[in-house]
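Engineer: If you use this note's numbering, the sequence shown corresponds to residues 190 to 527, in order. C-beta atoms are modelled at their ideal positions from N, C-alpha and C, and glycine is treated no differently.
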Amino acid sequence: MKKTVTALAAGVMLATLSMSAQASDTLIGSCIYKFDDTFMTGVRNNMEKAAADLGAEIELVDSQNRQPAQNDQVDTFITKGVTALIINPVDRSAAGPLVEKAKAENLPIVFVNREPEKSILDGYDKAYYVGARAEESGTIGGQLIVEYFKAHPEADKNGDGVVQYILLKGEQGHQDATLRSEYCVKAMIDGGLKIQAIGEDNANWDKVQGHDKMKNFITSQGIDAIEAVLANNDDMALGAIEALKSEGYNTGKDATKYIPVVGVDATAPALQAIANGQMLGTSLNDAKNQGTAAVRIADVASKGEAVTSESIGYKLTDGKYVWIPYVKVNAENYKDFM
Ligand code: BGC
Numbered sequence: 190m191k192k193t194v195t196a197l198a199a200g201v202m203l204a205t206l207s208m209s210a211q212a213s214d215t216l217i218g219s220c221i222y223k224f225d226d227t228f229m230t231g232v233r234n235n236m237e238k239a240a241a242d243l244g245a246e247i248e249l250v251d252s253q254n255r256q257p258a259q260n261d262q263v264d265t266f267i268t269k270g271v272t273a274l275i276i277n278p279v280d281r282s283a284a285g286p287l288v289e290k291a292k293a294e295n296l297p298i299v300f301v302n303r304e305p306e307k308s309i310l311d312g313y314d315k316a317y318y319v320g321a322r323a324e325e326s327g328t329i330g331g332q333l334i335v336e337y338f339k340a341h342p343e344a345d346k347n348g349d350g351v352v353q354y355i356l357l358k359g360e361q362g363h364q365d366a367t368l369r370s371e372y373c374v375k376a377m378i379d380g381g382l383k384i385q386a387i388g389e390d391n392a393n394w395d396k397v398q399g400h401d402k403m404k405n406f407i408t409s410q411g412i413d414a415i416e417a418v419l420a421n422n423d424d425m426a427l428g429a430i431e432a433l434k435s436e437g438y439n440t441g442k443d444a445t446k447y448i449p450v451v452g453v454d455a456t457a458p459a460l461q462a463i464a465n466g467q468m469l470g471t472s473l474n475d476a477k478n479q480g481t482a483a484v485r486i487a488d489v490a491s492k493g494e495a496v497t498s499e500s501i502g503y504k505l506t507d508g509k510y511v512w513i514p515y516v517k518v519n520a521e522n523y524k525d526f527m
C-alpha cells in the first residue's frame, strides 16, 4: 500500500514536473540584422509579445549589421541550448552556413524578412521562411501613383504626358529592394502611365539617406521637374518628404505645392504623414503577423510537433514558407492601421 502511494505521488510529481517544463520548454534565440531599423523593431516587439502569449521564452540580440557578429551569436545560442532559432540575416546570401549550424544540432531555424535562396532552405527540413511577397508592395506603390495621376491630370506639371519620377531604393541585394523597384515601375506602365525616371538611388532603408538623396535630386533636377517619388520603404519616403518640406512642398497646407510620395511598411509616422496630407500612401508590411508566425513555427518545432498550417495558425506553403499579404493604405483607410 505504502509503495503504491509513493509510486502514485511520484507519478503526480513527474506529471507536474513535465507540465511545468512544458510551459517553458521553448527557448528561442533570435538575431535581428540591426535593432536600429524601424520596421524590424515592429517585428521584434511583436515576436516578444507572441512568445509571451505562448508562454515561450525568447532572447533577441542585435547583429549590428555585421554578418560575422551574427554567426558568432548563433554559435552562442547553440552552446546555450536554445530549442529554435529565428534569424533575420544581415546578408541573406550568407544564410547557408547558418542552416548548416542548425542542421548539425537538429535545431529548427526560421528566417524572417530577408529571404535565403530556395536551395538553401530546401537543404534542411527544419528550415523555414516567414515574409511578404515584395512584388505585391511594389505593385501597390505603382498603382497609388496611377490612381493619383488619373484623378489629378494637373500633377503632370510640365504637361508633357509623361510622369517624371524619383525612385529611392532599399539596400542592394535585398529581395524587397529589387522586387519593389521592378514592380512599382511595372504597375505604373500597366496602369497606362508614360513614365521617365529622372533619379534613382539606393538609400538603404534609411530616413537620413532618403532625405540626402532627395535633396541631391532636387538640386540637380529642380523641384519643378519632379512629379512623383516612389520609395521602397516609409523611412526613405519620410526622409524625401522632409527634403520636399524644406522647399515649401508637402507641408499639408498648400495643395498646389504637393508631389505624391509613396512608401512601404505603414509605420506610425507614415500613417501620420498620410493623415496630415503630406504623403500619398503606402502598404502595410504586417510586422505583427510576420513576428507572430515566426514565433509560432519556432514554438511548435521546439516541441517536436509537426509544423503545419493547423499547428501554427498560418498558411504554410511548400512545407516551409509563410507569406503574409500586404495591404494598400491611403487617405481612405489609414485610420484602420493606427
Ligand atoms: C522593410 C524595410 C526594412 C527592411 C529590413 C523591409 O521589408 O520594408 O523598412 O528596413 O525590410 O530588412
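1) Can we count PHE228 as close to the ligand BGC, meaning its CB is less than 7 angstroms from some heavy atom?
2) Would you check if the distance between the CB atom of VAL288 and the CB atom of ILE275 is smaller than 8 angstroms?
3) List the residues that DSSP assigns as beta-bridge partners of GLN353.
4) Per the DSSP calculation, TYR372 is bridged to which residue(s)?
5) Drop a sphere of 10 angstroms on the beta-carbon of LYS307, count the other beta-carbons inside from all chains shown, and report buried for 16 or more, exposed for fewer.
6) Check the DSSP bridge columns for ILE298 and list the partner residues they point to.
7) Give the straight-line distance between the Cα atoms of MET236 and ALA245, rounded to the nearest whole angstrom.
8) DSSP three-state label for SER219, please.
9) Give me, in chain order, the residues of the same chain whose beta-carbon lies closer than 7 angstroms to that of TYR515; leave out the 5 immediate sequence neighbours on both sides.
10) Taking buried to mean at least 16 other C-beta atoms within 10 Å of its own C-beta, is ILE463 buried or exposed?
11) Please report the straight-line C-alpha distance between ILE247 and PRO278, rounded to a whole angstrom.
12) Is ASP314 close to the ligand BGC? I mean its beta-carbon at under 7 angstroms from any heavy atom of the ligand.
13) Taking its Cβ as the centre, do 16 or more other Cβ atoms sit within 10 Å of ILE378, making it buried, or is it exposed?
14) When the Cα of TYR447 is compared with those of ALA239, ALA414 and ALA316, which residue comes out closest?
15) Taking the beta strand (DSSP E) that LYS517 belongs to, which residues open and close that run?
16) Answer yes or no: do ALA429 and GLY399 have a C-beta to C-beta separation smaller than 8 angstroms?
17) Less than 8 angstroms between the CB atoms is what I'm expecting for GLY388 and GLN410, so what's the real figure, rounded?
18) At a cut-off of 7 angstroms, would you count VAL453 as near the ligand BGC, judging by its Cβ distance to the nearest heavy atom?
Structural biologist: Reading from the atomic positions:
1) Checking the Cβ of PHE228 against the ligand BGC gives yes.
2) Not a contact, by the Cβ cut-off of 8 angstroms.
3) In the DSSP output, where bridge partners are listed per residue, GLN353 has GLN385.
4) The partner list for TYR372 (beta bridge, DSSP) is empty, contrary to what the question assumes.
5) Note on LYS307: under 16 other CB atoms within 10 angstroms of its CB, so exposed under the neighbour-count rule.
6) Residue pairing for ILE298: DSSP places it in a beta bridge opposite LEU274 and ALA316.
7) When rounded, the separation of the alpha-carbon atoms in MET236 and ALA245 is 11 angstroms.
8) For SER219, the three-state secondary structure derived from DSSP is strand.
9) Within the same chain, TYR515 has close Cβ partners ALA321, GLU325, SER326, ILE329, SER472, LEU473 and ASN474.
10) Looking at its Cβ environment, which holds 16 or more other Cβ atoms inside 10 Å, ILE463 is buried.
11) A straight-line Cα-Cα distance of about 17 angstroms links ILE247 and PRO278.
12) Flag unset: Cβ of ASP314 not near the ligand BGC.
13) Of the other Cβ atoms in all chains shown, fewer than 16 fall within 10 Å of the Cβ of ILE378; this residue is therefore exposed.
14) Nearest option by C-alpha distance: ALA414.
15) 516-519 is the span of the beta strand (DSSP E), which, as asked, contains LYS517.
16) Yes, these two residues count as a Cβ contact at 8 angstroms.
17) 6 angstroms between Cβ atoms; contact.
18) Within the cutoff, so yes.
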